[in-house]
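Chains as they are written, first to last, in my numbering: chain A, 1 to 356; chain B, 357 to 603; chain C, 604 to 781.
Here's the structure, in structure tokens; my notes come after.
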């Protein structure tokens, strides 16, 4: 199929349809409202369901209901909206339902701003809602990857019966790039008859299905959490995605960066190379499961003097990088936020300072 | 002689965990009978609330999902929109529906979701132990209103059926009670009608059921029924507040 | 080789569309492209701008502080971005609305009264197409026939205004070559 030029937000909407998701619930919030606008036109054309809920709180539960009934479903929102959905995300993870959440991040805390940011790393990877759960978090670096990750998200959500988040930022949502929708990323929905509340007559079963997260017996709840943990461990084994850039040579510094920020770092690395300075980039494409061993091994390269995490935040992913490097190399941080994005020139300057 | 009375198929064999004199058991049975009579059990998904009835799925024998506090109408919306062929009902108490879930219930009704809502109004929080509900009567004692509900601080009790009837979108809104056999019979008819409207894809349906909570009211079951009749019914008047035929 | 073009003007002048059409034609010609909007508070109150990046390799940073070329449709846009253009770049000035010129000696000025030309063609609303065509003719970034085809495609649903925009396109090209 020929490439088309599309805005990230619209491409994400189309990607959901191409992945076989025909159900979408959302509440408007900048900078991602174009997804809802696009799908409000597009879903009726393909016989899908579009509904604008009364709040992000309600939308979270519309996803829970639809997913609990065994259907593929997605919502998109931006940071403050994801906070409101976090209650439902915890319940969905607890009840082991697949659902796809897209967060087109904006600056925070509170109302913050509407420009691109990466301030929701902690929220996405370490919590958001209550209890011991994790989302599988995919972080695209552009419109094409946003499409691919959105398409992959449904299969991953169903593989683990766990909510999956695609985490972009306002830049990825708003910019236009050429995209194609790879047919091979479309997966067949898995059979949910074993667990979904899809109606006994639907699955021709006399046994009722129950979608729930309440386990009042402590031993039972402990076992439930052990089962969830086993899934997160399986994610770490089977579904880590990452990219190393310019890491074949003798790099002096390893830059850890993801999403929009990684594109700026890529340009900075090319500019440094032109000046004879070798820097490599480690880019996690899954923020959870975090590519723990990969960043550790890349940092330990003999010529590498230090690691720096560069983020559109005040320092969030850097904590994972530090954890994985285990003190074996110094781990530095640089970040700007609120819509300010470190420029390639600034990154060059910092790198030169660090490697002397 | 034929069998005159038997357990509905839609009720499980489990004993309920409800306190002596609690009317949840009666309403569960009415829901189960309506499901049986309409032959929809294998096509029905219930939404359990947070409250005493959270384990309704142990007693009613159909598919269930368990909501967070107050969010049942949003979950029911999610199910009904993606599977319009399923029969979807929520079963919610007054803390769940009239307090934390006020937004969800109003908007589900206003969108005209083709779902059935059973709303148990017993003027108190049950599961958490007798705290004040939006439906608690003026002066009625609760664990968070030890001197009785002070309406100057907390306003007057919310009359959900009256409020819901103001929504312009067509719907079925009724208030029933289960304090006496004839009330139970009328309530049964209303619940069945509420499911029938959904089967016919007619409208959103809302059945408020004035109920008792002897434990948290600190009364014997008999006195609870008496108090409900004397105190709740004059304020929470029974009857149909809105029908789709009005529209 | 990477080229960046900043399009700037009042909201409603159609500059986001001009930029998109340039990116679209470059994509069809086989280049990597990105259309990077500015959104947020500065969108309100009148100014709209965006940047098109055209490259023969994967596009990195979407943060372009110093673009190669500028298409300025109004005076505030010229004044705001004149300084940022790389030496040797084109500074396109809509002379219909901008009475001043670039303060730079190291750029190539292209001065075209696009509103007047668009009015001659039939409607001031086609000014963005005049500007796009004139800039494209001068910069030679994309094939002009291909670009014109993209313009025609864009208006496919509004067949009535295709002749106007085709005429505006030709007049823009002619103005650049004059």
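For glycine and all other residues, C-beta sits at the position ideal for the given N, C-alpha and C.
Since we're looking at a predicted model, the values are computed, not measured.
- For residue 251 of chain A, the secondary structure class from DSSP, reduced to helix, strand or coil, is coil.
- DSSP, reduced to helix, strand and coil, places residue 672 of chain C within a strand of the structure shown.
- Distance from the CA of residue 518 of chain B to the CA of residue 504 of chain B, rounded to the nearest whole angstrom, comes to 24 Å.
- Listed along chain A are 263, 264, 267 and 344, each with a C-beta nearer than 7 Å to that of residue 664 of chain C.
- Contact between residue 208 of chain A and residue 243 of chain A is ruled out by a C-beta separation of about 46 Å, above the 8 Å threshold.
- Only residues of its own chain outside the window of five on either side were considered, and among them 635 have a CB closer than 7 Å to the CB of residue 660 of chain C, listed in chain order.
- For the set B:411, B:376 and B:382, the Cα lying nearest the Cα of residue 363 of chain B is the one of B:382.
- For residue 613 of chain C, the enclosing beta strand (DSSP E) starts and ends at 605 to 613.
- Taking 4 residues as the minimum length, the alpha helix (DSSP H) runs contained wholly in the segment 459 to 532 of chain B are 507 to 510 and 516 to 521, in order along the chain.
- Here residue 391 of chain B is buried: its Cβ has 16 or more other Cβ atoms, across all protein chains shown, within 10 Å.
- Under a 10 Å Cβ-count criterion, residue 450 of chain B is classified as buried, with 16 or more other Cβ atoms of the shown protein chains found around its own Cβ.
- Taking C-beta atoms as the reference points, residue 417 of chain B and residue 469 of chain B fail to come closer than 8 Å.
- Any Cβ of chain C closer than 8 Å to the Cβ of residue 5 of chain A would place that residue at the interface, and such an atom is present.
- Contact annotation for residue 217 of chain A against chain C: no contact, minimum CB-CB distance about 51 Å [criterion: below 7 Å].
- If you ignore the 5 residues before and after residue 94 of chain A, its C-beta comes within less than 7 Å of the C-beta of 131, 133 and 213, all in its own chain and listed in chain order.
- Between residue 734 of chain C and residue 677 of chain C, the gap from beta carbon to beta carbon reaches 8 Å or more.
- For residue 118 of chain A, no CB of chain C lies under 8 Å from its own CB, so it is not counted at the interface with that chain.
- Residue 86 of chain A places its beta carbon less than 8 Å from that of residue 128 of chain A.
- Interface with chain A (8 Å Cβ-Cβ cutoff): residue 708 of chain C is excluded.
- In this structure, residue 311 of chain A lies away from residue 338 of chain A, with their beta-carbon atoms at least 8 Å apart.
- Inclusion of residue 630 of chain C and residue 301 of chain A in the CB contact set at 8 Å is not warranted, their separation being larger than that value.
- Residue 437 of chain B: member of the alpha helix (DSSP H) spanning 428 to 438, first to last residue.
- Taking C-alpha positions only, residue 16 of chain A is separated from residue 146 of chain A by approximately 11 Å.
- Using beta-carbon distances, residue 515 of chain B does not count as an interface residue toward chain A, since no partner is under 8 Å.
- Between residue 98 of chain A and residue 158 of chain A, the CB-CB gap stays under 8 Å.
- With a contact defined as Cβ atoms closer than 8 Å, residue 123 of chain A and residue 82 of chain A qualify at about 7 Å.
- Around residue 32 of chain A, the same chain offers 9, 76, 78, 104 and 173 as residues with beta carbons nearer than 6 Å, after the five sequence neighbours per side are excluded.
- Comparing alpha carbon positions, the residue from C:724, C:775, C:606 and C:753 closest to residue 671 of chain C is C:606.
- Residue 733 of chain C has no beta-bridge partner at all, per DSSP.
- Contact between residue 201 of chain A and residue 193 of chain A is absent: CB atoms are separated by about 12 Å, not below the 8 Å threshold.
- Ranked by how close their Cα comes to the Cα of residue 198 of chain A, the residues A:333, A:80, A:65 and A:295 have A:65 in first place.
- In the DSSP assignment, residue 306 of chain A falls outside any alpha helix (DSSP H) and lies within the beta strand (DSSP E) extending over 306 to 311.
- Residues of the same chain with a CB within less than 6 Å of the CB of residue 625 of chain C, apart from the 5 flanking positions on each side, are 655 in chain order.
- In the DSSP assignment, residue 400 of chain B falls within the beta strand (DSSP E) that extends over 400 to 404.
- Judged by DSSP in its simplified three-state form, residue 742 of chain C adopts helix.
- Boundaries of the beta strand (DSSP E) harbouring residue 561 of chain B: 560 to 566, taken from the DSSP string.
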